[in-house]
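Heads up, the thing below is written out as C-alpha cells.
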Amino acid sequence: MTGTYRVRRGDVAESRNAVHFTFDGKSYQGLAGDTLASALIANGVHLVGRSFKYHRPRGFVSAGSEEPNALVGVGATQSRYTPNLLATQVEIYDGLVAESQNRWPSLETDAGFLNEYFSAFLPAGFYYKTFMWPRTAWKKLYEPVIRRMAGLGKAPAEPDADRYTQVFAHCDVLIVGAGPAGLAAALEASNSDATVILCDEQAEMGGSLLSDRSASIDGMQAADWARAALDELRKRPNVKLMSRTTAFGWYPHNFVGLNERVTDHLSNPATNQPRERLWQVRAKEVVLAAGAIERPLVFTDNDRPGIMLAGAARTYVNRYGVVPGKQVVVFTACDSAYRAALDLKAAGARIQVIVDLRKSVSGYWVDKARAEGIKVRSDSIVRGTSGWLRVKSAQISNAQGGDAETVACDLILMSGGFTPSVHLFSQSRGKLSYSEELRAYVPGESVERERSVGACKGLFALESVIESGAKGGRDAAAKAGFPPHGERSYAVSAQSVGADAFIGSVMTDHQAEKRAWVDFQNDVTAKDVRLATREGFRSIEHVKRYTTTGMATDQGKLSNMNALGVVSKQIDVAVPKVGLTTFRPPYTPTTFGSFAGQSRGDLFDPVRKTSIHAWAEAQGARFEDVGVWKRAWYFPQVGEDMHAAVARECKATRESVGIFDASTLGKIEIVGKDAAEFMNRMYTNAWTKLEPGRLRYGVMLREDGFIMDDGVVGRMATDRFHVTTTTGGAARVLSMMEDYLQTEWPDLEVWLTSTTEQWSVIALQGPNARKVLEPLVDGIDLSADAMPHMSVREGRICGVPTRLFRVSFTGELGFEVNVPAGYGRAVWEAIFAAGKPYGITPYGTETMHVLRAEKGYIIVGQETDGTVTPDDAGLGWAVGKAKRDFVGKRSLSRPALVREDRKQLVGLLTTDPKVVLEEGAQIVLDPTHPIPVPMIGHITSSYWSATLNRSIALALVRGGRSRMGEELSIPMPDGVIKAKVVDSILFDPKGERLNA
Amino acid sequence: MQKFSALSLLRAGLTGHAGWQRQWRSPEPKSGYDVIIVGGGGHGLATAYYLASRYGVKNVAVLEKGWIGGGNTGRNTTIIRSNYLFDESAGIYEHALKLWEGLSQELNYNVMYSPRGVLMLAHNIHDVQSFKRHVHANRLNGIDNEWLSPEECKEFCPPLNVGGSMRYPILGGALQRRGGTARHDAVAWGYARAADALGVDIIENCEVTGIRRAPTGEVVGVDTTRGSINAKRIGVVAAGNTSTVMNMAGVRLPLESFPLQALVSEPVKPIFPCVVMSNTIHAYISQSDKGEMVIGAGTDVYTSYTQRGGLHIVNHTLDAICELVPAFRRLRMLRNWGGIVDVTPDRSPIVAKTPVSGLYVNCGWGTGGFKATPGSGEVFASTIAKDEPNKINAPFTIERFRDGAVIDEAAAAAVAH
Ligand SMILES: Cc1cc2nc3c(=O)[nH]c(=O)nc-3n(C[C@H](O)[C@H](O)[C@H](O)COP(=O)(O)OP(=O)(O)OC[C@H]3O[C@@H](n4cnc5c(N)ncnc54)[C@H](O)[C@@H]3O)c2cc1C
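Protein chains in written order, with numbering that gives the first Met the number 0: chain C, 0 to 995; chain W, 0 to 416.
Dropping the structure here:
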C-alpha cells in the first residue's frame with residue numbers, strides 16, 4: 000500500500016504498480032492510475048496551494064477539471080515545465096516533478112500571507128480607489144508591487160521542447176462526455192452506419208459511473224458496466240473513442256474544437272509523438288453529455304484545506320481508494336452528499352455529523368444514513384471552521400443562528416447540489432432557461448444541430464440520464480441520416496438522490512462581517528459581492544468585473560451560481576433578471592502550442608523559392624523576405640559589404656549586362672472573348688488598341704482611386720493577356736479580379752488563371768543583353784526594328800518554349816525571358832554561360848531598386864502607400880482619359896484627389912552629394928519652425944547611385960512638380976539636410992538606352 | 000462624489016466598508032434632455048463627462064442598451080499609443096494620450112494607465128522603412144517614438160525571440176515609451192461616476208430603437224425600450240452598432256462591422272514588461288496586472304454582428320505569439336471572446352456633425368479606439384456643445400469619403416490596434 004490514507008477499495012487501489020514522484024522537492028509514492036491529487040491525499044497531503052489575493056493556505060476542493068485551488072507547476076526541466084496544471088487532472092508517472100505555486104519562501108510559510116492581515120482594507124475593487132498619488136507612482140511603484148503579488152505559476156523560462164499537431168475531421172455524430180449519458184448515446188448512435196466520435200476529458204471514460212458503488216446497470220456494478228460498454232464500442236469500426244480529449248470550444252455550424260493530450264501522462268513518451276493534438280471537427284450532429292458540476296456551499300471560512308465537495312470525496316474513495324479524512328463533517332443541501340458520507344464510512348472514516356440545510360429531511364438516503372448510526376441535523380448550517388494548514392473543527396448551529404456546537408474534524412464535505420455543464424450548449428448560442436427547482440440554468444432551445452442529454456440537461460436520476468442519452472444518440476444518428484438498426488434497453492437499479500439545491504450564501508444575517516468564499520482562487524467573498532452591489536454594480540457582468548468572481552482559472556465553474564444567488568438576494572431581484580455572464584471558449588484552459596500546431600519556424604508561413612534560388616544560394620547571395628518569397632537581395636563577393644556589392648552590380652549592368660531573377664512577380668493569364676474589355680475595366684489604361692505582340696505598363700486602382708498594383712502586361716492574342724503583378728500583390732490582385740468578375744460582371748466571358756509558379760522569369764539587362772541572348776534564341780528576331788521596346792514574342796530559347804518580353808525596369812536595353820519553371824535553372828545557367836564573355840553579373844533586388852530609382856520608376860508599396868493616385872506618382876499618362884469606366888475612375892475626380900497641392904513624386908538631390916537621405920525622413924520648408932513642424936512630404940526611396948556617383952532620392956512632396964529647383968529641408972536628429980527638387984528621372988531622361 | 004483615496008479606504012476598512020455609496024445612480028429617464036448620448040461605452044461616457052465638466056452642458060443622459068462598458072470598451076486589449084503617422088491622427092491620439100496621463104486624478108478613479116512602452120516590431124525591409132517614416136514624422140510632431148535595433152528590442156523586452164529561428168526575424172522596432180495600457184472597465188466606471196456626480200443620468204438596459212425627427216428635419220428625441228425621451232441634440236457613439244442606429248435617422252454611413260477577437264492566458268508571474276505589437280505576423284501582447292497574457296487577434300474576413308469569430312483566427316494569432324516567445328507555447332488559453340468593430344474605408348474614425356441637424360456621430364474607431372477614449376470624448380463633447388467641430392476632429396468628417404480627403408493610416412502602415 001502506498002500512503003496511510005490508501006484503502007483497499009477502488010480500481011486504482013487494485014493496481015499494484017507503485018509510482019514515484021516529488022512534490023515541492025519531497026518524494027512520494029502513488030499508484031499507477033492516480034492523479035497527483037489522489038496520490039497526495041493518499042499520503043495525507045492536503046495543503047497544495049495558496050490563494051491569489053490573501054495567500055491563504057488551500058487544499059483540494061474537487062477531483063476534476065473544475066478545481067480552483069490545487070494548481071501546480073509540473074516538469075523537471077524548464078523546456079518541459081507547465082505552470083497552473085490542476086493536481087486533480089495531472090496523472091502521475093515515475094519521475095514526475097511537481098511544485099506548488101504563488102508562495103514564498105515555502106508553501107507552509109508564505110510571506111504573501113501578510114495581505115491577510117490587511118484584508119479589511121483590500122475589499123473588492125480597492126485598487127480603483129487608491130494608488131493615484133503621486134501621478135507617476137502607479138507605473139513606477141504600485142503596479143510593480145501588485146504585479147509581483149499577483150499571477151499564479153511561473154511561465155517556463157525556456158522554449159518548449161515539445162511538438163503539437165492539428166487534425167481536421169468529419170463525423171456524423173460527435174458525443175461530448177463519456178459518462179452514463181454519453182455512453183448510452185454512443186451505444187445507440189453507433190448501432191447504425193453513422194460515424195461516431197466519443198470524447199472525454201478524463202484519462203478513463205465512464206464519468207460518474209466510475210465513482211458509483213451503489214448503482215448497477217444490466218446487473219453489473221456501474222463501473223463494470225461502463226467498461227463493458229466501452230469494450231463493445233471499441234469493437235465497432237464506426238466508433239472513435241478519444242479519452243484525455245476536451246471539447247473546448249463550439250464554433251458556428253457544428254464546428255467543435257477538441258484538445259487531445261497525448262504524452263503528458265507518460266514518463267517516456269516516444270519521440271515521434273506530439274504532446275497534444277488540436278482536432279477541428281465538423282459534426283453533422285452533436286450530443287452534449289458533459290455532466291454537471293457540484294456546487295460548493297458559501298459559509299464562513301469555507302476555504303480551509305480539508306474542505307471539499309462531497310462528490311469529490313466520493314471519487315477519491317471509490318475510484319482511487321484514498322480517504323481524504325478520518326473525521327468527517329458533511330454539510331449539504333441535497334441528498335447526494337449522503338452517498339458520499341456512506342461511502343466514506345464504509346471505507347473506515349468516522350462521520351461526525353451530517354449538517355443539512357433543508358428544513359426537514361427524509362427519504363432513502365437519509366434513512367440509510369440514520370440506520371448506519373450517522374447523526375443528521377436538519378435546518379442547520381456550518382457557521383464557521385477552524386484550522387490553519389488543515390481544517391480542525393466545524394461550528395454548527397441552527398440555520399437561523401443561535402448557539403454553536405464545535406465538532407472536531409479533519410474533513411468537511413459540502414454540497415449545494417449540481418450545476419449542469421451548459422458551457423458548449425451556450426457557446427453554440429442556444430438559449431438557457433433558469434430552473435427554480437435546480438437553482439441552475441438548463442439548456443433551452445437549440446440553435447445548432449445538437450441536443451443535451453443527462454446531467455448537463457438537468458437530469459440527475461441514473462435511469463433518466465441513461466434514457467435521455469440513449470434517445471439522444473438515436474435521434475442524432477437518425478438526423479444525420481442513419482436510422483439506428485434497433486433499440487436496446489437498460490436495466491438500471493439506483494436510488495434517486497433528488498434534485499435539491501441551494502445557491503447564494505448560507506450565512507445568517509449576524510454573520511455579515513465574516514468571510515465566506517464564493518470564488519476560492521480569486522479570494523472573492525460573499526461580502527465582496529455584496530459590497531459591489533451596494534456600490535451600484537448590479538449587472539452580473541459588472542459584479543464579475545468589479546469583484547473578479549468567476550474570472551479565475553475555473554472560469555466560474557464553482558462560483559458563478561453562488562455569486563448570482565448572493566446578488567439576487569442582496570438586491571431582491573430574481574436570479575434570471577440578474578443576468579448571466581457569457582460562456583466563452585475554452586471550456587478548460589487549453590495549451591497555446593496546440594492552437595499554433597506545426598506552424599513554427601520555417602513552417603510558420605510557406606517559404607517560396609524560385610527555381611533559380613539554389614543557384615543564387617551557391618553564389619553566396621543574401622536573401623530578403625518579400626511576402627512569402629525569398630528573393631536574392633545582393634551577391635556579395637569576398638570582402639564586399641552590401642554597399643560595395645550593389646555598386647558593382649549596378650555598374651556592371653549599366654556598362655555591360657546584368658542578370659536578375661524576376662520569377663517572383665505575380666502572373667495571371669487572362670483569357671476569353673471579353674478579355675480586353677475586362678482589362679479595360681480593371682486597369683486605368685486603354686487596352687482595346689494594344690496589338691498582339693505588344694506590352695504595356697498597367698496601373699490598377701482600388702475603388703477609392705489610389706494605386707493598388709502595377710505591372711507589365713503582354714497581349715499574346717486578341718483574347719489573351721499575360722499579366723504581371725508585384726511580388727507581394729499577386730494573390731490580392733487575383734482575388735480582386737475574381738471578385739469583380741464573379742459578382743459585378745458575371746456576363747463577361749473571361750477566365751483567370753494564376754500562372755505565377757508556371758513561369759520562371761529571367762531578366763537580362765544592359766547594353767550587351769541582346770548580344771548575349773541572340774545566339775540562344777530560335778525563331779525570334781531580336782533586332783531593335785523587329786522587336787522594339789515593349790514588345791513580346793513567342794519562340795524558343797535553348798530549345799524550350801519562351802515568351803520573350805522586351806522590357807526594362809533598369810532603363811537599359813532589356814529582356815525578360817519567361818520559360819516554364821521547370822526549365823528556369825537550366826536556361827538561367829545557359830544565359831549566364833553565354834554572358835561570361837561580357838562579364839555578365841547577377842544582381843539582386845537592391846540593385847534592381849537602385850537602377851529603377853535612377854529612372855524614376857516607382858515601386859508600389861514604396862513610392863505608394865495607399866494614398867497615392869496615378870497623377871501623384873507621375874503616371875497620369877497611364878490613365879485612359881477617354882475610357883467610359885474602370886475601377887477607381889469615379890474616385891479620381893473627387894475634390895481632394897484633384898487638388899493642386901497634392902503630394903507628387905519628384906527627385907531630390909542633396910546639396911552634399913555624399914549624403915544619402917534616410918528613407919522615411921520627413922521634408923519641411925522651415926526647419927526652425929517650433930514643434931509641431933509642418934511637413935510637406937517624405938523620402939520614399941534613397942540610394943547611393945554608383946552610376947551618377949552621388950546620392951539620389953525620390954520623394955513625395957506637396958505640390959512637388961511646381962517646386963522644381965527649390966531647396967527643401969530634411970531635419971534629422973543630428974542636423975538639417977538640404978536637398979533640391981528635381982525631375983524624378985535622373986538618368987537617361989530621353990530613354991535612348993532602353994530603346995537601343 | 001465620495002472621495003476615493005488611501006485614507007478613505009483605510010477609514011472605510013475600519014467600519015466594514017458600510018459607507019460606500021453607489022458609484023453612479025440608476026435614475027429613471029426624464030422626459031427630455033439637452034443632450035442624449037446613445038451608447039454607454041468609454042467614448043459615450045467620456046463625452047457626457049466632458050460635456051458636463053468642460054462645456055457646461057449638464058442636462059445629459061447616456062442611454063446604454065446593456066451595461067455600461069459592455070461593448071468594445073470592456074472587450075479590448077487596451078493598447079494605448081499615439082505614434083500615428085499622419086498629422087490628423089497624431090493630433091487626436093496625442094490629445095488623448097495627454098489626457099490619459101492625468102485621468103486617474105481628474106476622475107478620482109484609478110484607471111491604471113500604465114505607460115510601460117509599446118514596441119512595434121518590424122519583420123521585413125518594408126516594415127523598417129515604414130516605421131522609420133513614423134519615427135521621423137512623430138519627432139517633428141513632438142510625439143515620442145524611437146527606433147530600436149533587434150538587440151535593443153531584446154533588451155527592452157527580454158522574452159522576445161531575437162536572433163532565433165523565426166520565419167520572419169525581428170529586424171528592429173519602433174518604441175513609444177509613453178504608450179502602454181489601462182484598465183478598461185475602470186475607464187467606463189470612472190467616467191460614469193464622475194459624470195453622474197455632475198448630474199448626468201446614466202441609464203442602463205435602455206436600448207434606443209428609433210430617432211425622432213421634426214418635420215423640418217432636426218432631431219427631437221429617441222424611442223427606447225424604456226419609452227420615448229426628448230432631446231435637443233443626440234450624439235451617437237455605438238461602435239459596432241452605429242450603422243444600425245444611424246439608419247434610424249435615415250443616415251447611411253460608410254461602415255462595416257466585423258468580429259474582432261482577443262484572448263487571455265492563465266495568470267503567471269510578471270515576465271512580459273511591455274506591450275508588443277507585430278502587425279506583419281499578427282501578434283499583439285501584453286501582460287495584465289493579474290498576470291494574464293492579453294492577446295489581440297485579427298478580424299474575421301466576413302462582416303457580422305455575432306460577438307465571436309473563427310477558430311482559425313485564434314490559431315493564427317497564437318502561432319505568431321509562440322514564434323515571438325517560444326517559451327509561451329506551454330501557457331494555456333483561459334478565455335477567448337469577440338467584439339464587433341466598426342470599420343471605415345480609411346480605418347480612421349468619424350467624429351462629426353451629420354446631415355441631420357442636432358445629430359452627431361462618433362464612430363469608426365474600429366480595432367483601435369480604446370486609446371482615443373478621453374480625447375475622442377473631449378472633442379466630441381466640444382462638437383456637440385458648440386455645434387461645430389473642434390480643430391482636432393475637424394478632419395474626421397463623413398464628407399471625406401465623398402471628397403477623398405481620407406486619412407489612411409492602415410494603408411500607410413497596415414497597423415490595426
Ligand atoms: C477584441 C478587441 C480588441 C481591441 N483592442 C484594442 C486595443 O488594444 N487598443 C485600442 O485602442 N482599441 C482596441 N479595440 C477597439 C476599442 O475597443 C474600441 O474602438 C473602443 O472601445 C470603442 O469604444 P466605444 O465607447 O465607442 O464603443 P463601445 O464600448 O462598444 O460602446 C458602444 C456602446 O453602445 C451600445 N449600444 C449599441 N447600440 C445601442 C442602442 N441602440 N441603444 C443603446 N445603446 C447602444 C453598446 O451596447 C455599447 O455599450 C479593440 C476592440 C476589440 C473588439
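C-beta: ideal position from N, C-alpha, C; glycine also. All figures in this text were calculated on a predicted structure; none of them were measured in a lab.
What is the rounded straight-line gap between the Cα of residue i and the Cα of residue j?
{"i": "C/Glu-616", "j": "C/Lys-629", "result": "11 Å"}
{"i": "C/Asn-83", "j": "C/Arg-102", "result": "13 Å"}
{"i": "W/Gln-128", "j": "C/Val-261", "result": "45 Å"}
{"i": "C/Val-464", "j": "C/Lys-234", "result": "24 Å"}
{"i": "C/Ala-69", "j": "C/Leu-85", "result": "6 Å"}
{"i": "C/Met-219", "j": "C/Leu-461", "result": "14 Å"}
{"i": "W/Ala-248", "j": "W/Ala-51", "result": "25 Å"}
{"i": "W/Arg-251", "j": "W/Val-218", "result": "16 Å"}
{"i": "C/Ser-396", "j": "W/Ala-17", "result": "26 Å"}
{"i": "C/Leu-343", "j": "C/Val-175", "result": "30 Å"}
{"i": "C/Lys-977", "j": "C/Leu-967", "result": "6 Å"}
{"i": "C/Gln-618", "j": "C/Val-878", "result": "42 Å"}
{"i": "W/Ile-210", "j": "C/Lys-688", "result": "55 Å"}
{"i": "C/Ala-214", "j": "C/Gln-494", "result": "7 Å"}
Give me the DSSP bridge partner(s) of residue i.
{"i": "C/Ser-26", "result": "C/Thr-21"}
{"i": "C/Phe-720", "result": "C/Ile-669 and C/Arg-714"}
{"i": "C/Ile-395", "result": "C/Val-381 and C/Glu-404"}
{"i": "C/Ala-282", "result": "C/Cys-170"}
{"i": "C/Ile-1022", "result": "Beyond the ends of chain C as shown, which are 0 and 995, falls residue 1022 of chain C; an answer cannot be given."}
{"i": "C/Cys-198", "result": "C/Val-175 and C/Met-241"}
I need the DSSP call for residue i, collapsed to helix, strand or coil.
{"i": "C/Gln-764", "result": "strand"}
{"i": "C/Val-996", "result": "Any answer about residue 996 of chain C is impossible in this case: the structure gives chain C only from 0 up to 995."}
{"i": "C/Gly-152", "result": "strand"}
{"i": "C/Lys-977", "result": "strand"}
{"i": "W/Gln-22", "result": "coil"}
{"i": "C/Asn-83", "result": "strand"}
CB of residue i to nearest heavy atom of ligand 1: below 7 Å?
{"i": "W/Leu-84", "result": "no"}
{"i": "W/Arg-74", "result": "yes"}
{"i": "W/Lys-370", "result": "yes"}
{"i": "W/Lys-64", "result": "yes"}
{"i": "W/Gln-260", "result": "yes"}
{"i": "W/Ile-91", "result": "no"}
{"i": "W/Gly-70", "result": "yes"}
{"i": "W/Val-34", "result": "no"}
Can you tell me the Cβ-Cβ gap for residue i and residue j, rounded? I've got them flagged as a contact below 8 Å.
{"i": "C/Arg-621", "j": "C/Trp-632", "result": "5 Å"}
{"i": "C/Ala-339", "j": "C/Ala-312", "result": "5 Å"}
{"i": "W/Leu-254", "j": "W/Asp-200", "result": "With a Cβ gap of about 28 Å, W/Leu-254 and W/Asp-200 do not count as contacting."}
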